[in-house]
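Chains as they are written, first to last, in my numbering: chain A, 1 to 210; chain B, 1001 to 1210.
Glycine included, each C-beta is placed from N, C-alpha and C at the ideal position.
Number of protein chains: 2
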Amino acid sequence: MSGGSTPIRLLLADDQALVRGALAALLSLEEDLTVVAEVGRGDEVVPEARRSAPDVALLDVEMPGLDGIAATAALRAALPTCRVLVVTTFGRPGYLRRAMEAGASGFVVKDTPARQLADAVRRVHAGLRVVDPTLAAETLAAGVSPLTERETEVLRTARGGGSVADLARALHLSEGTVRNHLSAAIGKTGARNRADAIRVAEQNGWLLGE
Amino acid sequence: MSGGSTPIRLLLADDQALVRGALAALLSLEEDLTVVAEVGRGDEVVPEARRSAPDVALLDVEMPGLDGIAATAALRAALPTCRVLVVTTFGRPGYLRRAMEAGASGFVVKDTPARQLADAVRRVHAGLRVVDPTLAAETLAAGVSPLTERETEVLRTARGGGSVADLARALHLSEGTVRNHLSAAIGKTGARNRADAIRVAEQNGWLLGE
DNA sequence: TCCCGGCCGTGACATTTGTCAGGGGCCAGG
DNA sequence: CCTGGCCCCTGACAAATGTCACGGCCGGGA
Chain A
1 MSGGSTPIRL
11 LLADDQALVR
21 GALAALLSLE
31 EDLTVVAEVG
41 RGDEVVPEAR
51 RSAPDVALLD
61 VEMPGLDGIA
71 ATAALRAALP
81 TCRVLVVTTF
91 GRPGYLRRAM
101 EAGASGFVVK
111 DTPARQLADA
121 VRRVHAGLRV
131 VDPTLAAETL
141 AAGVSPLTER
151 ETEVLRTARG
161 GGSVADLARA
171 LHLSEGTVRN
181 HLSAAIGKTG
191 ARNRADAIRV
201 AEQNGWLLGE
Chain B
1001 MSGGSTPIRL
1011 LLADDQALVR
1021 GALAALLSLE
1031 EDLTVVAEVG
1041 RGDEVVPEAR
1051 RSAPDVALLD
1061 VEMPGLDGIA
1071 ATAALRAALP
1081 TCRVLVVTTF
1091 GRPGYLRRAM
1101 EAGASGFVVK
1111 DTPARQLADA
1121 VRRVHAGLRV
1131 VDPTLAAETL
1141 AAGVSPLTER
1151 ETEVLRTARG
1161 GGSVADLARA
1171 LHLSEGTVRN
1181 HLSAAIGKTG
1191 ARNRADAIRV
1201 AEQNGWLLGE
């Protein structure tokens, strides 16, 4: 409820132009909201925010240049008064955790009804936290990543789909070491394959970082 | 360009409620367009279309229940006068081909600027075809799937991530046969791994069918 | 008719992948 | 200081995956 005061200024970041524009249309229907900027890449968020001074930024997680989590952190550092609402396709448990750690005020999946989005924005702007309850539960259940730093790194590199020899070369490790890290990751994820392990880790958002 | 006549009736199908609602908002801004139905599953398209009699249906490809391609075919069979515009996240070359074969009139990726969507809808309604030109080129380049029926089936099953023994049991084949089909698929896709082959095939839209 | 080419199915073989036991470095607690 | 725990690294071994050559089946030309 705006109360007739100046509207809440919004920045939208999503790599899909159509979705971005559609969200802008949706939010512009609200009297108390106004979209002041749109970007399609994570690394454009901070520069554009500096120029347009939004009150709330809606960031997608999957973006070229810089993922939404990293963009959140960068934006919080650059403009501490600007709140962040992460809006993402995938309800990966780890995403939520990482987003909150990075300083986001809210986390919404694209499955949520359209009518709730505007309210989420208002709540975030008011300083409240907005989190999908079922997703929060999952996050608790999934817990923090059990993978060690090296294991994550190897797994992340393995996503590209090379042989052990390739990975060893890329990471400057012995093949045996790579195999061992992979084996450990497989064990910890409960998978039986390298491919499986990658999928599980990805679904839990354990492969995000740099 | 409505000309004051009755507006074009639209049906929206997308599994992400937020995107669906946002698209509705975007399209409702146009004088000559009206959204008469929204569904979140592929198998709800035909029943809902029967009830609401849309002129144009905007279908996502990735949907639960029935994928957008199959939904296109079903809709064309049930209501031949209703045109179909496929709106999808991924510009997989094979998707376009399959969509057109299934009777779609247009194919748009979610990367396209929001302003063009309404025009695409109007063109489709007017009986024209709408296709992303760069994507069309890719489709030509990628060509039709080189995979044989069995190979596709094996690869599709392998997506779940089981061992050769699992696949053999699921498909009632010898392990050697499964290995052979996989090997052939790996060769044809130019991959060096099973996982790689799956990715390539998926990216080209070769794993769609039933 | 016969032959040719493609697809399917199969087993033996080489290669890759995953497991295991173990050594070295580092840090926190006793 | 020593000790225990954790992580990183490595090589040898077992298990899985991928390659190959082969035979049967079917349909479309010579």
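Less than 8 Å between C-beta atoms, sequence neighbours within five positions excluded: which residues of the same chain meet that for residue i?
i, result
"D1111 (chain B)", "G1091"
"R1050 (chain B)", "A1078, L1079"
"G190 (chain A)", "V200"
"L1015 (chain B)", "The sequence shown places Asp at residue 1015 (chain B), rather than the Leu named in the question. The answer, listed in chain order, is G1040, R1041, D1060, E1062, M1063, P1064."
"T157 (chain A)", "L167, A170, L171"
"D1196 (chain B)", "I1186, T1189"
"L1208 (chain B)", "D1067, I1069, G1094, Y1095, R1098"
Within a Cβ cutoff of 6 Å, which residues of the same chain sit near residue i, ignoring the five residues on either side of it in sequence?
i, result
"E1030 (chain B)", "A1118"
"E1138 (chain B)", "P1093"
"A1136 (chain B)", "none"
"G1212 (chain B)", "An answer regarding residue 1212 (chain B) cannot be provided, because it is not within the stretch 1001 to 1210 covered by chain B."
"S998 (chain B)", "With chain B covering 1001 to 1210 only, the question about residue 998 (chain B) has no answer from this structure."
"F1107 (chain B)", "V1086, L1096, A1099, V1131"
Is it buried or exposed, residue i, if we count other Cβ atoms within 10 angstroms and call 16 or more buried?
i, result
"L1128 (chain B)", "exposed"
"A17 (chain A)", "buried"
"V121 (chain A)", "buried"
"A1037 (chain B)", "buried"
"A53 (chain A)", "exposed"
"R1115 (chain B)", "exposed"
"L1140 (chain B)", "exposed"
"H181 (chain A)", "buried"
"A1165 (chain B)", "exposed"
"T1148 (chain B)", "exposed"
"E1175 (chain B)", "exposed"
"G1160 (chain B)", "exposed"
"V1178 (chain B)", "buried"
"T88 (chain A)", "buried"
"G68 (chain A)", "buried"
"R1169 (chain B)", "exposed"
For residue i, would you say it is in contact with chain A, using Cβ-to-Cβ distances shorter than 8 Å as the test?
i, result
"T1157 (chain B)", "no"
"R1122 (chain B)", "no"
"G1091 (chain B)", "no"
"G1021 (chain B)", "yes"
"A1165 (chain B)", "no"
"L1207 (chain B)", "no"
"G1068 (chain B)", "no"
"R1199 (chain B)", "yes"
"L1026 (chain B)", "yes"
"M1001 (chain B)", "With a pLDDT of 49 at M1001 (chain B), under the threshold of 50, the modelled position of that residue is not reliable, and the figure given next carries that caveat. So no, M1001 (chain B) is outside the interface."
Kindly list the residues whose CB is nearer than 7 Å to the CB of residue i, restricted to its own chain and excluding five residues on each side of it in sequence; keep chain order.
i, result
"V35 (chain A)", "L10, L12, A24, L27, S28"
"L1075 (chain B)", "V1045, V1046, A1049, A1057, C1082, V1084"
"H125 (chain A)", "I8, D55, V56, R83"
"L33 (chain A)", "P7, I8, L10, L27, A118, V121"
"S1002 (chain B)", "Only weak support is given to the placement of S1002 (chain B): the predicted model assigns it a pLDDT of 45, under 50, and the value that follows is read from those uncertain coordinates. Within the same chain, S1002 (chain B) has close Cβ partners E1031, D1032."
"T1072 (chain B)", "L1059, V1084, V1086, A1099, A1102, G1103, A1104"
"L173 (chain A)", "none"
With 8 Å set as the bound, which would you pick, yes or no: does the beta-carbon of residue i sit closer than that to a beta-carbon of chain B?
i, result
"T112 (chain A)", "yes"
"P129 (chain A)", "Per the sequence shown, residue 129 (chain A) should be read as Arg rather than Pro. No, R129 (chain A) does not count as interfacial toward chain B."
"L117 (chain A)", "yes"
"G213 (chain A)", "Because chain A in this structure spans residues 1 to 210, residue 213 (chain A) falls outside the shown range and cannot be described."
"E202 (chain A)", "no"
*Can you check the region 1026 to 1083 of chain B for any beta strand (DSSP E) of at least 3 residues that lies completely inside it and give the ranges in chain order?*
1033 to 1039, 1056 to 1059
*asked:* Beta carbons nearer than 8 Å to chain A: which residues of the region 1173 to 1196 of chain B have them?
replied: A1191, R1192, N1193, R1194, A1195, D1196
*If you scan the region 98 to 184 of chain A from start to end, which runs of the beta strand (DSSP E) of 3 or more residues do you find wholly inside it?*
The qualifying runs are 106 to 109.
*Give, in chain order, every residue of the region 5 to 21 of chain A whose Cβ lies closer than 9 Å to some Cβ of chain B.*
Correct list: D15, Q16, A17, L18, V19, R20, G21.
*Identify each residue in the region 1028 to 1046 of chain B for which the Cβ-Cβ distance to at least one residue of chain A is less than 7 Å, and report them in chain order.*
L1029
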